[in-house]
Structure formats: C-alpha cells, structure tokens
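Participant:
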Amino acid sequence: MAVTPAAVRTAAVHTATAGAHRHWLLKPIGFTVNQCGFAPRCSTTYRHGVPRQRIDLTSHCHTSQVLSRVLSALMKYMRSYIVFPEVCDLATVKGDFYALGHIPNIIGAIDGTHVALVPPKESEQVHRNRKSYHSMNVQVVCLADQYISHVNAKFPGSVHDAYVMRNSSIPYVMEQLQRHRVWLIGDSGYPNLSWLLTPVRNPRTRAEERYNEAHGRTRRIIERTFGLLKARFRCLHMTGGSLMYSPKKVCHIIVACCMLHSLALRRQVPFLQEDGPDGGVVAAVEPVESEEEEDNGDDTDNRDTVIQQYFQ
C-alpha cells in the first residue's frame with residue numbers, strides 16, 4: 006500500500022512549535038522531574054517482536070486519565086520551556102557551538118528520531134517507518150548545552166526528515182533570522198540551504214574533509230541530546246516498547262518529555278543511569294542512520310563560503 010502525501014497530512018496531529026519570539030528564561034512551576042518513563046507501553050514491541058509484561062486494563066485506563074490531565078497542564082507551559090534563542094542571545098549561542106567544532110554562526114543542531122507507538126488501524130501504514138516498526142518521526146533542534154529549542158512530534162514514522170523540516174515552523178523562523186547570518190547544522194538527510202549547513206557528500210579537497218570533520222564534531226550534540234532524553238524518559242527509548250496511546254497523545258507525551266528534559270538541565274537535576282531490561286546500562290546515544298536527501302535544489306553558496314574562509 007503506497008503512502009500518499011494526503012495520508013501523511015491526515016495522520017499528522019497538531020503540536021505547537023517554538024517560534025522566533027519567545028521568552029528565553031525558564032519559569033519555575035510546581036512539579037519535580039524524575040528520570041522514569043511515565044507512560045504505559047504495549048505488551049509487544051514492533052521492532053523486535055518480543056512479548057513484554059502486560060498491563061492491567063483497569064490500571065491502564067486510570068493511568069491514561071491521570072496522564073491526560075498532566076499533559077494538559079504541561080502543554081500550557083510549552084511555549085515557555087521550548088524556546089528558540091532570541092536575537093539578544095545569539096552571540097552566546099554561536100560561541101557555545103563554535104567551541105564544539107569551530108564552525109561559526111551555528112545556533113542549533115537539527116535531526117529527527119523515532120518514538121514507537123501502537124498505530125490506529127486506519128493509519129497503520131503511514132506510521133510504519135523504514136525499519137518496519139510503527140512510530141512518530143520527531144524533529145528536534147537543540148543548543149550546544151543540550152537544551153531543546155524546538156520540537157515537532159506530529160508526523161508519522163513513514164515521513165522523511167526533510168519533509169518534516171519543510172512543513173514545520175523552522176524555515177519561517179530561520180528566514181526571519183537571516184539578516185544575522187546564522188545557521189542550523191544537520192546531517193545529509195536534509196538539503197543544504199541558505200540557513201542549514203550539511204556535510205559535503207563526496208569531499209574532493211582537504212578543506213572539504215576538514216569541514217566535514219568539524220561538522221561531525223558539532224552535529225554530534227543532537228545525537229547526545231536524543232540519547233540523554235531517551236535515557237531519562239524510558240517511554241521514548243527503543244527498549245521501552247510501543248506507547249499505547251493515540252498519535253495525538255503520543256505527540257503530547259513527547260513534547261512533555263522534551264519540556265521536562267530542559268527543565269531538568271536548567272535545574273541541574275542529576276541524571277542517574279538506569280539498568281536496561283537485560284541488566285545492562287541503557288545506551289547513552291541511540292544509533293542514528295540518516296536517510297540521504299537528493300542533491301537537487303541544494304543551495305551550497307553558504308557552505309562553500311564557510312569552507313573557503315575557515316577550512317582552507
């Protein structure tokens with residue numbers, strides 16, 4: 006069964022994304038953060054087909070009602086906790102990223118990650134990703150200190166990262182910041198744009214190789230952010246099974262976890278690694294495989310300029 010754009014739009018659920026004009030400082034609210042996943046999972050994971058402990062349906066129903074109230078309360082604060090840097094903070098953000106890999110003017114690292122769910126029967130196919138399990142494709146932009154400045158969790162797993170990016174608020178936000186000559190950094194799953202730096206696929210010069218090395222050192226922060234987020238909230242991790250909620254509710258769970266992740270960092274809540282289901286420690290970084298975007302339409306002028314000025 007072919008996955009059509011119309012099916013993707015139907016399956017996509019509403020989530021708010023951070024805009025350019027948001028409060029930069031986090032405001033305290035009255036709850037604590039713990040490192041436990043707080044959402045029930047399916048008794049069977051679609052990735053491995055391994056039966057998991059079944060959850061009592063009555064308990065699940067009560068938990069779902071409580072979770073709905075908690076999520077509703079958290080969503081009211083989302084725009085204060087998932088915030089894009091304001092203009093007055095750009096210099097600091099750029100400096101933090103420059104320290105990672107010596108690429109100038111970076112204000113965010115962008116990538117997608119998958120969170121498994123049990124899909125509705127009517128949209129089962131559009132939620133099946135290229136690894137053959139059902140998921141939501143979650144787009145995140147993070148800062149150099151692993152704070153999350155943007156999240157879009159509304160698209161099903163069959164959708165390409167570049168499609169999610171093009172249909173999110175990120176192009177508008179970055180175009181508004183272009184006069185400040187700032188960029189995001191992303192992998193080869195994205196097109197190179199005037200505001201998005203990707204690696205050179207087939208480097209031919211030593212300068213291009215040096216750029217790719219610096220790009221990798223800088224972009225790695227988003228993988229570490231995903232690793233920390235999923236280790237802290239096991240309901241998002243590949244070892245946690247599949248979430249037993251509607252796509253919209255899964256979207257809200259993901260956004261809530263991103264909020265609490267940033268709050269934990271801001272409050273300097275220590276992270277204590279948990280043992281995995283087999284007794285091993287949960288991986289700090291989940292393996293990421295990028296699905297390369299076609300070269301057509303790439304705007305490489307900015308990347309060429311960066312290579313010539315900083316890596317020759």
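Just remember that the working numbering sits 5 ahead of the position in the sequence shown, which is counted from 1. All C-beta atoms, glycine included, are put in the ideal place defined by N, C-alpha and C.
1. Three or more C-beta pairs closer than 8 Å, one from the stretch 171-189 and one from the stretch 247-266: is that the case here?
2. Measuring alpha carbon to alpha carbon, tell me which residue in Arg272, Cys262, Tyr250 is nearest proline 125.
3. State the CB to CB distance for the pair alanine 219 and histidine 107, rounded to an integer number of angstroms; the pair is presumed to be in contact (CB under 8 Å).
4. Taking 7 Å as the limit between beta carbons, can you name the residues of its chain near tyrosine 86, skipping five residues before and five after?
5. In angstroms, rounded to a whole number, what distance separates the CA positions of lysine 99 and proline 109?
6. With distances taken between CB atoms, is the gap from leucine 270 to tyrosine 152 smaller than 8 Å?
7. May I ask you to report which of helix, strand or coil DSSP gives arginine 133?
8. Report buried or exposed for asparagine 207, applying the criterion of at least 16 other Cβ atoms within 10 angstroms of its Cβ.
9. When you compare only the Cα positions, how much space is there between histidine 53 and tyrosine 138?
10. Where does serine 77 land, buried or exposed, given buried means 16+ other C-beta within 10 angstroms?
11. Taking a contact to mean a Cβ-Cβ separation below 8 Å, would you say alanine 114 touches isoleucine 227 in this structure?
12. Going by C-alpha to C-alpha distance, which of Leu202, Tyr177, Arg84, Thr230 sits closest to aspartate 303?
13. Give me the residue from Leu122, Ile190, Pro196 with the minimum Cα distance to tyrosine 216.
14. Counting only runs that start and end within the stretch 168-242, where is the alpha helix (DSSP H) found for 4 or more residues in a row?
15. Asparagine 307: which of Arg184, Leu95, Leu198, Arg229 sits nearest, CA to CA?
16. Contact check, valine 145 vs leucine 248 under 8 Å by CB: the rounded distance?
17. Which residues in the same chain have their Cβ closer than 8 Å to the Cβ of phenylalanine 276, if we skip the five residues on either side of it in sequence?
18. Nearest-angstrom Cα distance between glutamine 181 and methionine 141?
19. Spatial neighbours of threonine 230 within its chain, please: C-beta separation below 6 Å, excluding the five flanking residues on both sides.
20. For threonine 310, I'd like the list of residues in its chain whose CB is within less than 7 Å of its CB, leaving aside the five on either flank, ordered along the chain.
21. Going by beta carbon distance, what residues of the same chain come within less than 6 Å of arginine 225, once the five residues before and after it are set aside?
22. Kindly provide the ranges of any alpha helix (DSSP H) runs that are 4 or more residues long and lie completely inside the stretch 96-162, ordered along the chain.
Facilitator: On the basis of the data shown:
1. Counting C-beta pairs with one atom in each stretch, the stretch 171-189 and the stretch 247-266 have fewer than three that are closer than 8 Å, which means they do not touch.
2. Closest option to proline 125, Cα to Cα, is Tyr250.
3. Contact holds; Cβ gap of about 6 Å.
4. Hits under 7 Å: Leu31, Met264, Ser267, Leu268.
5. Rounded to the nearest angstrom, the two C-alpha atoms are 7 Å apart.
6. Going by C-beta atoms, leucine 270 is nearer than 8 Å to tyrosine 152.
7. Strand at arginine 133.
8. With fewer than 16 other Cβ atoms within 10 Å, it is exposed.
9. Model confidence at histidine 53 stands at a pLDDT of 36, short of 50, so the residue's coordinates are unreliable and nothing is read from them.
10. Counting Cβ neighbours within 10 Å, serine 77 comes out exposed, since fewer than 16 surround it.
11. Yes, the pair counts as a contact, with Cβ atoms nearer than the cut-off.
12. Minimum Cα distance to aspartate 303 is reached at Leu202.
13. Ranked by how close their Cα comes to the Cα of tyrosine 216, the residues Leu122, Ile190, Pro196 have Ile190 in first place.
14. With a minimum length of 4 residues, the continuous alpha helix (DSSP H) runs that stay inside the stretch 168-242 are 175-181, 211-237.
15. In terms of CA proximity to asparagine 307, Leu198 leads the group Arg184, Leu95, Leu198, Arg229.
16. Taking the Cβ atoms as the reference, valine 145 lies roughly 17 Å from leucine 248, outside the contact range of under 8 Å.
17. Taken in chain order, the residues that qualify are Gln40, Leu233, Ala236, Arg237, Ala269.
18. Taking the Cα positions, glutamine 181 is about 28 Å away from methionine 141.
19. Counting only Cβ-Cβ distances below 6 Å, and skipping sequence neighbours, we find Cys147, Gln151.
20. Result list for threonine 310: empty, nothing under 7 Å.
21. Counting only Cβ-Cβ distances below 6 Å, and skipping sequence neighbours, we find nothing.
22. Listed in chain order, nothing qualifies, since the stretch 96-162 has no complete alpha helix (DSSP H) run of 4 or more residues.
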